[in-house]
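Undergrad:
Numbering (the numbering used here), first residue to last: 76 to 288.
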C-alpha cells in the first residue's frame with residue numbers, strides 16, 4: 076500500500092525517473108524549417124536532448140509526418156541511436172508502433188518536444204495523458220508557424236495535467252543529485268548549449284523577465 080501511494084504521489088508531482096522515461100521528438104522535419112517560429116532555437120534544444128539521451132541512456136522516440144513529402148528529421152539532430160523512428164499520417168505521435176515501443180520499454184513518463192505546438196504536439200500530449208502517462212512538455216522546444224499558438228496550446232495542456240517545463244529543468248531532475256555518475260557530462264553539455272539558450276526565442280518570447288516555464 077505504501078509503495079502504491081508513493082508511486083501515485085510521484086506521478087502527481089511529475090517526478091522523473093530515468094529508468095521509466097522516454098524522450099519524444101515530434102516531426103522536426105526539413106520542410107518545416109522556413110515556416111516555424113524559432114525553428115533553429117528548437118533544433119538546438121533537440122540537439123541537446125538527443126545528446127543527453129545518449130549520456131543518460133534515455134530512449135529517444137522520433138516521428139516524421141509523411142516523410143515522403145515533408146522530408147526527414149533535420150540532419151543537425153542526431154537520431155541514429157533512436158529506439159524508434161516512425162513515419163506517420165495521423166497528427167498524434169501515438170501510432171501503433173510508438174504505443175508498442177512505450178509499452179515494451181515500460182515507460183511511465185514522457186518528455187515531449189517538436190512541432191507544431193497546437194497540432195501534433197497537443198494531440199500527442201492529450202493521447203498520452205488519456206493513457207495515464209506523465210507528460211513533460213518542453214516550453215523551450217515546441218513551436219508553431221504562428222507563435223501565439225504556442226501559449227494557447229501550452230495553457231490547454233497544463234490545464235489537462237501536463238507539466239510545462241524547460242529542457243534544463245528536466246535534465247537536472249533526471250539526475251537528481253550532483254553525485255550522479257553523469258553529472259559532469261550533463262553539466263558540460265549544458266555549458267556547450269548555454270550561449271544558444273540565452274538566445275532561445277521560444278524561451279524568451281515574452282522577454283527574459285516574463286518567460287513562462
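Where is the CB? At the ideal position from N, CA and C, for every residue including glycine.
Please name the residue or residues paired with residue 98 in a DSSP beta bridge.
TA: Counting from one through the chain shown, the residue named residue 98 turns up at place 23. The partner list for residue 98 (beta bridge, DSSP) reads 135 and 186.
Undergrad: Where in the region 175 to 239 do unbroken runs of the beta strand (DSSP E), each at least 3 residues long, occur, reported from the N-terminal end onward?
TA: DSSP runs (the beta strand (DSSP E)) wholly in the region 175 to 239: 184 to 190 and 209 to 218.
Undergrad: Pull up the DSSP beta-bridge partners for residue 160, would you.
TA: The sequence position of residue 160 within the chain shown is 85, counting from 1. According to DSSP, residue 160 bridges with 137.
Undergrad: Between residue 213 and the rest of its own chain, which residues show a CB-CB distance below 6 Å, the 5 nearest in sequence each way excluded?
TA: Working through the chain shown from its first residue, we reach residue 213 at position 138. Taken in chain order, the residues that qualify are 188 and 242.
Undergrad: Comparing alpha-carbon positions, which option in 237, 255 and 160 lies nearest residue 104?
TA: Residue 104 sits at position 29 when you count from the first residue of the chain shown. Among 237, 255 and 160, the Cα nearest to that of residue 104 belongs to 160.
Undergrad: Give me the Cα-Cα distance between residue 92 and residue 109, rounded to the nearest whole angstrom.
TA: To locate residue 92, count along the chain shown from 1; it is residue 17. To locate residue 109, count along the chain shown from 1; it is residue 34. So the two alpha carbons sit approximately 36 Å from each other.
Undergrad: Please list, in chain order, all residues of the same chain as residue 117 whose beta carbon is under 6 Å from its beta carbon, the five residues on each side excluded.
TA: As a first step, residue 117 is located in the chain shown; it is residue number 42 there, counting from the start. The residues are 216 and 218.
Undergrad: Give the DSSP-derived three-state secondary structure of residue 170 in the structure shown.
TA: Position 95 of the chain shown holds residue 170. It is coil, neither helix nor strand.
Undergrad: Would the region 196 to 214 count as touching the region 223 to 240 if we require 3 or more Cβ pairs under 8 Å?
TA: Yes, the region 196 to 214 is in contact with the region 223 to 240.
Undergrad: Looking only at its chain, what residues have a beta carbon closer than 7 Å to the beta carbon of residue 135, apart from the 5 residues adjacent to it on each side?
TA: Your numbering for residue 135 matches position 60 in the chain shown. Closer than 7 Å at the Cβ level, and outside the excluded window around residue 135, lie 98, 100, 125, 128, 154, 156, 157 and 158.
Undergrad: Mind checking whether residue 131 and residue 257 have CB atoms under 7 Å apart?
TA: Looking up residue 131 in the chain shown gives position 56. Looking up residue 257 in the chain shown gives position 182. Yes, Cβ-Cβ distance for residue 131 and residue 257 is below 7 Å.
Undergrad: Would you mind reading off the limits of the alpha helix (DSSP H) that contains residue 276?
TA: Taking the chain shown and counting its residues from 1, the one referred to as residue 276 is at position 201. Run containing residue 276: none; DSSP gives neither H nor E here.
Undergrad: Under 8 Å by Cβ, that's how I've got residue 260 and residue 200 pegged, so tell me the actual separation to the nearest angstrom.
TA: Position 185 of the chain shown, counting from 1, holds the residue named residue 260. Position 125 of the chain shown, counting from 1, holds the residue named residue 200. Between residue 200 and residue 260 the Cβ distance is about 29 Å, and since that is not below 8 Å, they are no contact.
Undergrad: For residue 184 versus residue 96, is the C-beta distance shorter than 7 Å?
TA: Here residue 184 corresponds to residue number 109 of the chain shown, with the count starting at 1. Here residue 96 corresponds to residue number 21 of the chain shown, with the count starting at 1. In contact: residue 184 and residue 96 (Cβ atoms closer than 7 Å).
Undergrad: At which residues does the alpha helix (DSSP H) containing residue 145 begin and terminate?
TA: Numbered from 1 along the chain shown, position 70 holds the residue referred to as residue 145. Run containing residue 145: 142 to 145, per the alpha helix (DSSP H) assignment.
Undergrad: Just verifying my parser: in three-state terms, what is the DSSP assignment at residue 78?
TA: Here residue 78 refers to the residue found at position 3 when the chain shown is read from its first residue. Residue placement at residue 78 is flagged as unreliable, the pLDDT there being 49, under the threshold of 50; a coordinate-derived value is accordingly withheld.
Undergrad: Let me know if residue 102 comes out buried or exposed under the rule of 16 or more other beta-carbons within 10 Å of its beta-carbon.
TA: Within the chain shown, the letter at position 27 stands for residue 102. Its Cβ being crowded by 16 or more others within 10 Å, residue 102 is buried.
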